[in-house]
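Novice:
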Amino acid sequence: MRILVTRPYPHCARTAARLRDMGHEVIEAPALDIVRRAPDEIDLGGVDALAITSSQAIGALVGHRQLPELARLAVYTVGARTAAAARELGFTSVLSADGDARDLSRLIEACHGSGDILYFGARDRSGDLEKHLAAAGIGCRLIEVYQADPVASWPHEVNEALVKGEIDILLAYSTRSAEVCANLLRGLAPAMLPRMVALSAKAGAPLTALGPVEWAETPDEEALFLRALNRC
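In the numbering used here, the protein residues as written are 1054 to 1285.
(1) At the level of alpha carbons, what is the spacing between Gly1166 and Trp1268?
(2) Please list, in chain order, all residues of the same chain as Glu1270 whose beta carbon is under 6 Å from its beta carbon, the five residues on each side excluded.
(3) Residues in the same chain with beta-carbon distance under 8 Å from Val1250, minus the five sequence neighbours each way, listed in chain order, please.
(4) Less than 7 Å between C-beta atoms, sequence neighbours within five positions excluded: which residues of the same chain meet that for Lys1255?
(5) Just verifying my parser: in three-state terms, what is the DSSP assignment at Pro1243?
(6) For the pair the region 1072-1086 and the region 1119-1128, tell me if three or more CB-CB distances fall below 8 Å.
(7) Determine the extent of the alpha helix (DSSP H) in which Arg1022 is found, giving its start and end residues.
(8) Near Cys1285, which residues of its chain fall below 7 Å by C-beta distance, leaving aside the five closest residues on each side in sequence?
(9) Reducing DSSP to helix, strand and coil, say where Ile1105 ends up.
(10) Which residues does DSSP list as the beta-bridge partners of Gln1293?
(11) Given a threshold of 16 other Cβ atoms within 10 Å of its Cβ, counted over all protein chains shown, does Gly1218 qualify as buried or as exposed?
(12) For the candidate residues Leu1157, His1185, Asn1236, whose alpha-carbon lies nearest to that of Thr1261?
(13) Taking C-beta to C-beta, are Gln1119 and Tyr1199 nearer than 7 Å?
(14) Can you tell which of Arg1090, Ala1102, Ala1133, Ser1107 has its C-alpha closest to the C-alpha of His1117?
(15) Quick check for students: name the residue ranges of the beta strand (DSSP E) that lie wholly in the region 1105-1141, counting only runs of 3 or more.
(16) Where does Asp1058 land, buried or exposed, given buried means 16+ other C-beta within 10 angstroms?
(17) For Gly1168, which residues from the same chain have a beta carbon less than 8 Å from its beta carbon, with the 5 sequence-adjacent residues on both sides left out?
(18) Would you mind listing the beta strand (DSSP E) stretches within the region 1156-1191 that are 3+ residues and don't spill past its ends, in chain order?
(19) Here's a check: name, in chain order, each residue in its chain whose Cβ is nearer than 7 Å to the Cβ of Leu1195, leaving out the five neighbours to either side.
(20) Give a yes or no on whether the C-beta atoms belonging to Ala1201 and Ile1105 are separated by under 7 Å.
(21) DSSP state of Glu1274, grouped into three classes?
(22) How would you label Arg1239, buried or exposed, when you count the other beta carbons within 10 angstroms and need 16 or more for buried?
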């Protein structure tokens, strides 16, 4: 099978490597470019814990001069992958909601202390974590530590493979990535469209204007692979 992986680097390369190990041909075609923008100075006064909704936010903290201070704080993450990335970077008190932003808010409501939550997020984000925490009376400070910029186009070889109908499956990992993919695929003959498989119904929603979209039963890569590869 020839599979188009559209998630940003460095995750794109990791996913591609897994699929190649399974014997599939993979084209790496990120729909978003990640730009790290963590501030040099982070005010930790009154902060009780951190909230992180993406491993890209963890990546934005690599090499930060305040990392030793940050690593001493409790961390609440939206999912297991982000929790693992936090532990790899040196955080020791890490709890995962294993869900979405609402689940993360519930976890924080159940476990947090009296201080504020410092939320490391993206410039363009979804999930309304700040809104959920505010409704629960929990102080939340947002710091945008990265931005995800849409690519203007895919490389020529990607477009050529699409026009020739040589891509079997497109994997979409987020709503924003799917939005960009939908724009880049617009104008492609329906017969040339690959199977479109998303991490969740929400993530795949922008692609439904083009054709049928499938999604994983649970929002994790194992379930995504199971859905995408079950016809191989």
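Glycine residues also receive a C-beta, built at the ideal position from the N, C-alpha and C atoms.
Specialist: Put simply:
(1) Rounded to the nearest angstrom, the two C-alpha atoms are 37 Å apart.
(2) Here Glu1270 has Ala1276 as same chain residues with Cβ atoms under 6 Å from its own Cβ, once five neighbours each way along the sequence are excluded.
(3) Take Val1250, set aside five residues on each side of it, and the residues of its chain with a beta-carbon closer than 8 Å to its own are Ile1222, Leu1223, Leu1224, Ala1225, Gly1257, Val1266, Glu1267, Trp1268, Ala1269, Leu1277, Arg1280, Ala1281, in chain order.
(4) Sequence-distant partners of Lys1255 (beyond 5 residues in either direction) whose C-beta falls short of 7 Å from its own C-beta, in its chain, are Thr1228.
(5) Looking at Pro1243 - three-state DSSP - the assignment turns out to be helix.
(6) Fewer than three pairs of CB atoms, one per stretch, sit closer than 8 Å, so the region 1072-1086 makes no contact with the region 1119-1128.
(7) Here the chain has residues from 1054 to 1285 only, and residue 1022 is not among them.
(8) Confidence is the limiting factor: at Cys1285 the pLDDT is only 47, short of 50, which leaves the residue's position unreliable, though a coordinate-based value still follows. Residues Met1054 of the same chain have their beta carbon placed closer than 7 Å to that of Cys1285, with the five preceding and five following residues left out of the count.
(9) Here Ile1105 carries a strand assignment [DSSP, helix/strand/coil].
(10) Residue 1293 lies beyond the residue range present for the chain, which begins at 1054 and ends at 1285; the question has no answer from this structure.
(11) With a threshold of 16 other beta carbon atoms within 10 Å, Gly1218 falls short and is exposed.
(12) For Thr1261, the nearest C-alpha among the options comes from Asn1236.
(13) For Gln1119 and Tyr1199, no; Cβs fall outside 7 Å.
(14) That would be Arg1090, whose Cα lies nearest to the Cα of His1117.
(15) Fully contained in the region 1105-1141 are the following beta strand (DSSP E) runs of length 3 or more, in chain order: 1127-1130.
(16) According to the sequence provided, residue 1058 is Val. The question's Asp does not apply to it. The residue is buried, with at least 16 neighbouring Cβ atoms inside 10 Å.
(17) Once the five neighbours on either side are set aside, the close Cβ partners of Gly1168 are Gly1099, Val1100, Asp1101, Ala1102, Gly1192.
(18) DSSP runs (the beta strand (DSSP E)) wholly in the region 1156-1191: 1169-1175.
(19) Correct list, in chain order: Tyr1172, Gly1174, Glu1183.
(20) In this structure, Ala1201 sits away from Ile1105, with a CB-CB distance that is not shorter than 7 Å.
(21) Three-state DSSP puts Glu1274 in a helix.
(22) A residue is called buried when at least 16 other Cβ atoms come within 10 angstroms of its Cβ; Arg1239 does not meet this threshold and is exposed.
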